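Here the structure is laid out as C-alpha cells; the discussion comes afterwards.
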Amino acid sequence: MRPSLFLVSLRALLAVAMLFVSYLVLLAAVAVYAAFLSLLAAAPPDDVARLLFTVITSTPVVAAVLLALCAAGRPARGPEGSVEVAPEEEPALWNTVYDLAERLGVRPPTRLYLIPQANAMVLEHAMLLGLLGGTRRLYLGMPLLVGLTQGELEAVICHELGHYAGRHTALSSVTRRGTAALGSILERLGRHPMVQAENGYHPAYAWYCLFSGYARVYLRLTAAVGRRQEFEADRMSAQVVGAAVMADALRNVHSLALAWARLVSDYLEPVARAGWLPDDPFAVFAQMLADPEYQDTLRRWRDSPPDRPVSRFDSHPPLAERLNALAHRANGTAPCREPVPAIGVLTDLDQRTVELSLTVLPQHAGDPETTWLATAAWASTAAATLTGESAQALARAAGRSGRTTRPSLRTVLEALAKAPETLAPARSLPGALRALLDQVLVRDGLATGWRLSWVGQSRAVADRALLSELHELTVAVDAQRLEAFLRTLPVDLAAPVLVRRPVCQEEVPPADPDERIELPAELLPHDGPEDDEPLRQKHPVIKTAAALILLLIVLGFAFGGASLG
Numbered sequence: 001m002r003p004s005l006f007l008v009s010l011r012a013l014l015a016v017a018m019l020f021v022s023y024l025v026l027l028a029a030v031a032v033y034a035a036f037l038s039l040l041a042a043a044p045p046d047d048v049a050r051l052l053f054t055v056i057t058s059t060p061v062v063a064a065v066l067l068a069l070c071a072a073g074r075p076a077r078g079p080e081g082s083v084e085v086a087p088e089e090e091p092a093l094w095n096t097v098y099d100l101a102e103r104l105g106v107r108p109p110t111r112l113y114l115i116p117q118a119n120a121m122v123l124e125h126a127m128l129l130g131l132l133g134g135t136r137r138l139y140l141g142m143p144l145l146v147g148l149t150q151g152e153l154e155a156v157i158c159h160e161l162g163h164y165a166g167r168h169t170a171l172s173s174v175t176r177r178g179t180a181a182l183g184s185i186l187e188r189l190g191r192h193p194m195v196q197a198e199n200g201y202h203p204a205y206a207w208y209c210l211f212s213g214y215a216r217v218y219l220r221l222t223a224a225v226g227r228r229q230e231f232e233a234d235r236m237s238a239q240v241v242g243a244a245v246m247a248d249a250l251r252n253v254h255s256l257a258l259a260w261a262r263l264v265s266d267y268l269e270p271v272a273r274a275g276w277l278p279d280d281p282f283a284v285f286a287q288m289l290a291d292p293e294y295q296d297t298l299r300r301w302r303d304s305p306p307d308r309p310v311s312r313f314d315s316h317p318p319l320a321e322r323l324n325a326l327a328h329r330a331n332g333t334a335p336c337r338e339p340v341p342a343i344g345v346l347t348d349l350d351q352r353t354v355e356l357s358l359t360v361l362p363q364h365a366g367d368p369e370t371t372w373l374a375t376a377a378w379a380s381t382a383a384a385t386l387t388g389e390s391a392q393a394l395a396r397a398a399g400r401s402g403r404t405t406r407p408s409l410r411t412v413l414e415a416l417a418k419a420p421e422t423l424a425p426a427r428s429l430p431g432a433l434r435a436l437l438d439q440v441l442v443r444d445g446l447a448t449g450w451r452l453s454w455v456g457q458s459r460a461v462a463d464r465a466l467l468s469e470l471h472e473l474t475v476a477v478d479a480q481r482l483e484a485f486l487r488t489l490p491v492d493l494a495a496p497v498l499v500r501r502p503v504c505q506e507e508v509p510p511a512d513p514d515e516r517i518e519l520p521a522e523l524l525p526h527d528g529p530e531d532d533e534p535l536r537q538k539h540p541v542i543k544t545a546a547a548l549i550l551l552l553i554v555l556g557f558a559f560g561g562a563s564l565g
C-alpha cells in the first residue's frame, strides 16, 4: 500500500524546508564574511590589523561554505566498487527485478549494479525537489547473493523497490543534499587551527558550533523519517513475498554483513598486506559460510538479533523491532519454496567474479607486487600467514631476550625456561608457541600443509598423535618437557625461525598458471569517474571558489569606500 498523498506532500515540504534552511545558513556565513570585508575597508588605521587578521583567518570558513554548496548540488554516488550489469548480461536477475516491480506496481530501476559489500540500496536522481522521478539505480551486494536463498534475495529486492513505491528515494535525494553540504563544511572547518584549539572568540569556531548544532537537528529529523521508511518498505516486501520470508532475509542479511566484515578485516586484509589475494574472494566467503564450525557463529547471530537502543541519528531501526513488526502481521504469507541459493540467478558468474574481485581491496589489487592465488592455494597461504604473525612475534621477543638477531627454536625454549612472561602475555603464550611449532613442523617436513580455521587459530596438517602431544605441551608451557619431546623428532632446533615470509608447503610457484592468476591490465583498478557520472575535475571548483572569494573582497572594499565617501 502506498502512503497517502498528504503524507508524501508533508514529507516533501519538510525536506524542502530543511534544505532551504541549510542554504540560508550557508549563505549567511558568506554574508557575514562580506560584512567583515566592508568593515575592514572602512576601519580606522588602529583597527585594520585586527580586522585583517579576522578576515584572513575566516577565509577558510567561506571557502568551506562555497565548496559545501558545490557538494550539495552533486548527485548522490553509489557505493565504491560498483559494477553495472546490463539486462542482456544478466537476464535472469533483471527478470526477477522486473517481475517484483510489476507485483509492487512500481517503475523498475533504470540501472542495476553489483557491489562488493554485504548490503543493498537504491538511489534516484529525482528532479524538481523530488516532485519528478529520475534515473533509478539498484545496488545488490555480491556477498548477499552468495549467502541468501533466492526467496530471501527477492525479499531484499522487494524491500528496496518498496522505497521507490513509497517515494522515499525521491525525498531522500533532496535531504541528502543538505546532509552532503553540512558534512562537507564540518569536515573542512574541523581542520581549522582555531576550531581544533576551541577558540571561542574566533569566527571560525563560532561558525563551526553553529553548523554543528544545526547538523544535529537536521540529521535527527531526517533519521526519524528514514526509520519510518524502513518499516514501510518491510511491510511492502512482506505483502509480496510473505512476512516469514522477509524476516528470514533480515536475519540472514544481518549475519552475512557481520561475516563479510570479519572476512575482510581478519583474513583478506592481513593476507593482502603480505602480498596475497584470492582470485575469487566470494568463493572464499562461500567456504567460510559452509564451514560447520562457523555455522554455529552464523546461527547465533541469526537467532539473537541485537536489541540495542535506537540512536537519534540512526537511519535504520533495530533489527529486533523490525522482526517484531513482521511477526505481528497476520497476512502476507507466501507458499514454502525450496531453498535455492541466490547465486544461481547470475548467468555469467565467472565474469561477475572477475570484475568484483578487483574492487574488494582495490589498494592491494592494483599493486604489481600482489600475487593472485586460486581459492585452495590462497586458503593454505592465508593459514601460514596468519599463524606466522604470532609465531614471528614470539621469535622476536625470544631474540631480544637472548640478544640475538637470528633466534632459533632453541633460543625460544631457553627464554621460555628463564622468563616466559617476557615473551608474550600468559593468555596468548600457548597459542603463539603452538603457532611457532606449526611453522617448524612445516619447515622440517613433518607437516603436509595448513588448514585455515574460521573460528580459531589455523593449524598445520600433520599426524594426529604428534599434534595432540604438542597441544598438551604448549598448553602446559613446560619448556623442559617440550624440548625433550622435540629432540625425539627430526627437528632442527638451531635453525633460525625468524623469516620474512611465512613457511607454506603449498605455496605455488609464479609459473603455475592454475594457481597464480594474472589479471589483464584493463581489469586492474584505475582512478576515474563513476560510469554514470560526468568527469568532475577538482581544479575548476577550486578556481571558482577562489574567484568568488576575490569578488567578495573587491565588493567589500567597494562598499567600504562608498561609505567613507
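So for the sequence shown, my numbering puts the first residue at 1; every next one is plus one.
Each residue gets a CB set at the ideal place from its N, CA and C atoms; glycine is no exception.
Given the structure is predicted, the values throughout are model-derived calculations rather than measurements.
Query, Result
"Considering only C-alpha positions, which residue in the set Leu470, Val497, Leu268 and Asp303 is nearest to arginine 406?", "Val497"
"Run through the DSSP bridge pairs and tell me what tyrosine 164 is partnered with.", "Bridge partners of tyrosine 164: none, in fact."
"Tell me whether valine 345 is buried or exposed, calling it buried when 16 or more other Cβ atoms sit within 10 Å of its Cβ.", "buried"
"Using 10 angstroms around the beta-carbon of aspartate 514, count the other beta-carbons present and answer buried if the total reaches 16, otherwise exposed.", "Reliability of the predicted coordinates at aspartate 514 is poor, the pLDDT of 43 falling under 50, and the value obtained from them is presented with this limitation in mind. By the 10 Å Cβ count, aspartate 514 comes out exposed."
"Taking the alpha helix (DSSP H) that tryptophan 301 belongs to, which residues open and close that run?", "292-303"
"Going along the chain, which residues of its own chain have a beta-carbon closer than 7 Å to the beta-carbon of histidine 526, five neighbours each way excluded?", "Residue confidence for histidine 526 is low, a pLDDT of 41 falling below 50, so the modelled location carries little weight and cannot support an answer."
"Below 8 Å on the Cβ atoms is my contact criterion, and I expect tyrosine 113 with glycine 78 to pass it. Report the Cβ-Cβ distance as a whole number of Å.", "6 Å"
"At the level of alpha carbons, what is the spacing between valine 461 and leucine 446?", "9 Å"
"Comparing C-alpha positions only, which one of Asp478, Val21, Ala382 and Pro490 sits nearest to aspartate 444?", "Pro490"
"Measure from the alpha carbon of leucine 256 to the alpha carbon of each residue in Trp301, Thr222, Ser237 and Tyr267, then state which is nearest.", "Trp301"
"Taking all protein chains shown into account, do 16 or more other C-beta atoms lie within 10 angstroms of the C-beta of glycine 366, making it buried, or fewer, making it exposed?", "exposed"
"Measure the C-alpha to C-alpha separation of arginine 299 and leucine 433 and round it to an integer number of angstroms.", "32 Å"
"According to the Cβ coordinates, are glutamine 150 and alanine 342 closer than 9 Å?", "yes"
"DSSP on histidine 328, reduced to helix/strand/coil?", "coil"
"On the criterion of 16 or more Cβ atoms from any shown chain inside 10 Å, does leucine 210 qualify as buried, or is it exposed?", "exposed"
"Please classify glutamine 566: is it buried, with 16 or more other beta-carbons within 10 angstroms of its beta-carbon, or exposed?", "Coverage of the chain is limited to positions 1 through 565, which leaves residue 566 absent and any answer about it impossible."
"In the DSSP assignment, what residue or residues form a beta bridge with histidine 125?", "Thr135"
"Below 8 Å, can you find three or more Cβ-Cβ pairs linking the segment 349-358 to the segment 245-254?", "no"
"Can you look up leucine 361 in the DSSP assignment and give me helix, strand or coil?", "coil"
"Below 9 Å between beta carbons: does that hold for leucine 373 and aspartate 266?", "no"
"With a Cβ-Cβ cutoff of 9 Å, do alanine 120 and leucine 140 count as a contact?", "yes"
"For a minimum of 4 consecutive residues, which ranges assigned as the alpha helix (DSSP H) are wholly contained in the segment 399-432?", "409-418"
"Alpha carbon to alpha carbon, how far is threonine 135 from proline 270? Give it in angstroms, no decimals.", "39 Å"
"So what does DSSP say about leucine 437, is it helix, strand or coil?", "helix"
"Does the segment 309-321 come within contact of the segment 389-408, defined as at least 3 CB pairs closer than 8 Å?", "no"
"Assuming threonine 385 contacts alanine 274 (C-beta within less than 8 Å), just tell me the rounded distance between them.", "5 Å"
"So what does DSSP say about alanine 391, is it helix, strand or coil?", "helix"
"When we look at the beta-carbon of glutamine 480 and count the other beta-carbons within 10 Å, is it buried (16 or more) or exposed?", "exposed"
"For serine 468, count neighbouring Cβ atoms within 10 angstroms of its own Cβ and tell me buried if that reaches 16, exposed if not.", "exposed"
"Between the alpha carbons of histidine 192 and alanine 204, how many angstroms are there, rounded?", "7 Å"
"With DSSP as the reference, label proline 193 as helix, strand or coil.", "helix"
"Just to confirm my understanding: we take threonine 370, look at its own chain, exclude 5 residues before and 5 after, and list those with CB closer than 8 Å. What are they?", "Ala272, Gly275, Trp276, Leu277 and His364"
"Pull the bridge partners of alanine 450 from the DSSP assignment, please.", "Inspection of the sequence shows that residue 450 is occupied by tryptophan rather than by alanine. Paired residue(s): Ala460."
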